[in-house]
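In my numbering, the protein residues as written are 91 to 793. Even glycine gets a Cβ: it sits at the ideal position worked out from N, Cα and C.
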């Protein structure tokens with residue numbers, strides 16, 4: 091025990107090197123206590139070494155900020171601290187006050203350390219969410235970093251309570267009063283306050299060490315991603331600087347010549363396409379309704395698909411497709427002047443960074459045509475709702491082809507390809523563009539009404555919409571299938587088969603999404619085919635909800651067949667048709683409800699499907715968010731046939747508008763679960779493996 095004098099900058103204790111065997115009270119000057127992340131400053135009356143553990147190396151560095159003097163005391167355990175206070179009765183209130191002040195500073199420091207650790211975690215998670223889009227902007231192929239998905243936010247030490255922090259801060263705020271009236275009352279009070287400060291500081295020290303270890307582990311685990319994202323952001327910065335200075339980041343010259351040369355089309359077709367595009371570019375009013383402009387747009391479309399077909403066939407045997415041709419396949423890009431320098435750069439980077447959907451459900455039109463050509467899927471229906479075999483049979487009946495030709499064309503890749511390009515590609519491209527009369531299939535900057543990176547639809551975004559709708563209408567993509575196995579005593583079981591649709595991204599800047607067909611041929615267990623512009627200029631979330639609503643309607647019609655509007659066979663379509671057809675006589679509707687329905691039917695030209703789609707949008711977007719928009723009858727029909735997912739049902743269970751509906755739903759599901767549960771229990775007792783279909787249906791009923 092004794093007085094120790096320190097010069098400015100002199101270190102009293104160094105983290106990791108000295109062993110804790112003493113505790114100091116500052117009698118003059120000030121000392122900074124620090125670790126690798128933060129520091130606090132203690133003045134006269136402050137205890138140095140309180141957060142340390144006797145016999146262990148120091149975890150904090152203690153350095154004099156000015157000429158300082160400290161009085162040292164032996165420190166073998168926490169029991170030594172009260173002795174220090176009792177041996178200094180004259181300054182005991184000051185020691186108590188300084189202990190609380192030191193604890194209050196530690197509270198502030200810890201809160202900042204925790205916020206910093208949480209910010210580091212949130213920044214990594216946010217960067218990882220933005221990473222695919224940033225890769226697209228700079229033209230890099232995104233990688234997978236599964237370790238980022240495993241990260242978790244920092245946790246606070248359970249010994250650190252909010253009330254404890256509030257208490258310490260409140261004591262600090264009333265410091266002047268306490269030093270005059272409270273601390274001098276009794277030595278035990280001073281000891282108690284010093285020990286309260288000690289306990290708080292010690293717990294904070296433990297929590298700080300845990301946060302330090304967390305931040306160290308976080309950086310180690312995310313090191314590969316952090317290095318990658320740093321490079322991506324640097325490249326993005328270079329691109330933005332180049333754009334701001336007017337420099338061209340990507341140099342693409344004579345893209346049309348490259349595309350035409352690659353396609354290998356006849357010279358007369360090549361020349362015609364060049365002339366058409368030249369005339370199109372010169373016309374500042376190229377989207378007006380004049381006969382000349384209409385004719386030019388129509389002619390460009392005809393030539394475009396001819397060039398596309400030739401280029402597509404060439405690409406099937408080419409492992410090194412030029413980036414201009416990739417841009418042509420994905421976006422309809424044909425000319426850098428027509429697209430503009432900035433858009434050309436963006437499209438170039440998007441084409442370079444493109445990665446296919448691992449699930450194979452979200453495809454560009456190019457990838458879809460490959461599936462058609464390779465006979466992986468059958469061609470889509472034409473505008474007359476004919477599938478490919480039906481179309482060929484009609485051609486045979488009309489005498490356009492004979493039996494042998496029909497058999498040959500049935501599995502001929504090029505015939506199938508031409509049918510798909512003529513129908514789904516050409517017609518769907520025009521449909522999703524939104525303005526049918528002014529459609530042209532080539533990429534034109536004049537059609538860019540929304541930043542391309544925001545409008546760009548990737549497989550990540552589309553699957554996000556799938557997840558979003560399933561979080562509300564969990565059975566939206568389910569089909570009813572039949573399972574039978576007499577040997578194990580299951581003669582007949584209907585189960586729900588969840589089948590995600592194909593989403594085909596068409597190469598245009600458009601405003602619509604559309605359901606092309608709900609099933610393939612007559613097989614009800616095949617994926618639907620939906621189409622959307624690869625650059626969607628509208629509210630894409632609403633477009634998707636409407637699209638899924640359309641699928642709900644059409645799938646119900648397909649499953650119900652001729653009974654789709656027969657109310658004696660209750661279904662989504664039949665109940666909705668009955669509701670809309672006889673709404674005037676419905677006692678469950680108020681006068682205002684009936685007037686609104688009359689307006690809606692007039693607005694949608696008495697098209698029941700379109701009224702349903704509009705209601706479905708309200709149901710998914712607003713009703714699910716506890717913002718009622720539907721009348722009682724519409725809500726009941728929708729909830730009956732499109733029930734909310736379990737988590738959402740539990741969330742709105744106390745809403746009086748849904749309480750009765752949810753109770754009826756739970757009763758109905760319980761009645762379906764009981765026999766299924768009995769079958770599963772019986773099979774388990776008999777040591778018979780549970781068929782996947784039974785397990786799937788049981789899990790489906792629990793959703």
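Which residue marks the beginning of the alpha helix (DSSP H) containing residue i, and which one marks its end?
{"i": "residue 280", "result": "277 to 311"}
{"i": "residue 212", "result": "182 to 228"}
{"i": "residue 389", "result": "381 to 405"}
{"i": "residue 744", "result": "It is not in any alpha helix (DSSP H) - residue 744 carries neither H nor E in the DSSP assignment."}
{"i": "residue 535", "result": "No alpha helix (DSSP H) contains residue 535, which DSSP labels as neither H nor E."}
{"i": "residue 238", "result": "236 to 239"}
{"i": "residue 662", "result": "662 to 671"}
{"i": "residue 487", "result": "478 to 488"}
{"i": "residue 349", "result": "345 to 353"}
{"i": "residue 654", "result": "Counting along the chain, residue 654 falls outside any alpha helix (DSSP H), and DSSP gives it neither H nor E."}
{"i": "residue 674", "result": "First-last for residue 674: undefined, no H or E at that position."}
Put residue i into one of helix, strand or coil per three-state DSSP.
{"i": "residue 732", "result": "coil"}
{"i": "residue 698", "result": "helix"}
{"i": "residue 569", "result": "strand"}
{"i": "residue 794", "result": "Residue 794 cannot be examined here, being either before or after the span of the chain that is shown, 91 to 793."}
{"i": "residue 564", "result": "coil"}
{"i": "residue 588", "result": "strand"}
{"i": "residue 430", "result": "coil"}
{"i": "residue 106", "result": "coil"}
{"i": "residue 101", "result": "strand"}
{"i": "residue 624", "result": "strand"}
{"i": "residue 518", "result": "helix"}
{"i": "residue 409", "result": "coil"}
{"i": "residue 600", "result": "strand"}
{"i": "residue 159", "result": "strand"}
{"i": "residue 583", "result": "strand"}
{"i": "residue 469", "result": "coil"}
{"i": "residue 546", "result": "strand"}
{"i": "residue 768", "result": "helix"}
{"i": "residue 233", "result": "coil"}
{"i": "residue 719", "result": "coil"}
{"i": "residue 423", "result": "coil"}
{"i": "residue 688", "result": "helix"}
{"i": "residue 751", "result": "helix"}
{"i": "residue 314", "result": "helix"}
{"i": "residue 758", "result": "helix"}
Looking only at DSSP bridge pairs, what is residue i linked to?
{"i": "residue 256", "result": "Looking at the DSSP assignment, residue 256 forms no beta bridge with any residue, so it has no partner."}
{"i": "residue 610", "result": "613"}
{"i": "residue 112", "result": "164"}
{"i": "residue 554", "result": "Looking at the DSSP assignment, residue 554 forms no beta bridge with any residue, so it has no partner."}
{"i": "residue 453", "result": "594"}
{"i": "residue 131", "result": "122"}
{"i": "residue 619", "result": "592 and 607"}
{"i": "residue 319", "result": "The partner list for residue 319 (beta bridge, DSSP) is empty, contrary to what the question assumes."}
{"i": "residue 707", "result": "Paired residues: none, contrary to the question."}
{"i": "residue 137", "result": "115"}
{"i": "residue 147", "result": "109"}
{"i": "residue 575", "result": "580"}
Just confirm the distance between the C-beta atoms of residue i and residue j, as a whole number of angstroms; I'd bet it's less than 8 Å.
{"i": "residue 63", "j": "residue 237", "result": "In this structure the chain extends from 91 to 793, so residue 63 is not present and cannot be described."}
{"i": "residue 60", "j": "residue 556", "result": "The question about residue 60 has no answer, for the chain in this structure spans 91 to 793."}
{"i": "residue 419", "j": "residue 456", "result": "4 Å"}
{"i": "residue 186", "j": "residue 284", "result": "6 Å"}
{"i": "residue 733", "j": "residue 755", "result": "6 Å"}
Between which two residues does the beta strand (DSSP E) harbouring residue i extend?
{"i": "residue 95", "result": "92 to 96"}
{"i": "residue 153", "result": "151 to 154"}
Is there a Cβ of chain C sitting closer than 8 Å to that of residue i, yes or no?
{"i": "residue 150", "result": "In the structure shown, chain C cannot be found, because there is only a single protein chain."}
Do residue j and residue i count as a contact pair if the criterion is CB distance below 8 Å?
{"i": "residue 537", "j": "residue 599", "result": "yes"}
{"i": "residue 608", "j": "residue 641", "result": "yes"}
{"i": "residue 192", "j": "residue 291", "result": "yes"}
{"i": "residue 459", "j": "residue 529", "result": "no"}
{"i": "residue 235", "j": "residue 218", "result": "yes"}
{"i": "residue 559", "j": "residue 635", "result": "yes"}
{"i": "residue 190", "j": "residue 275", "result": "no"}
{"i": "residue 439", "j": "residue 227", "result": "yes"}
{"i": "residue 535", "j": "residue 433", "result": "yes"}
{"i": "residue 158", "j": "residue 118", "result": "yes"}
{"i": "residue 644", "j": "residue 614", "result": "no"}
Please find out if some non-hydrogen atom of the ligand ADP comes closer than 7 Å to the beta-carbon of residue i.
{"i": "residue 168", "result": "Judged by which ligands are present, the structure shown has none, so any question about the ligand ADP falls away."}
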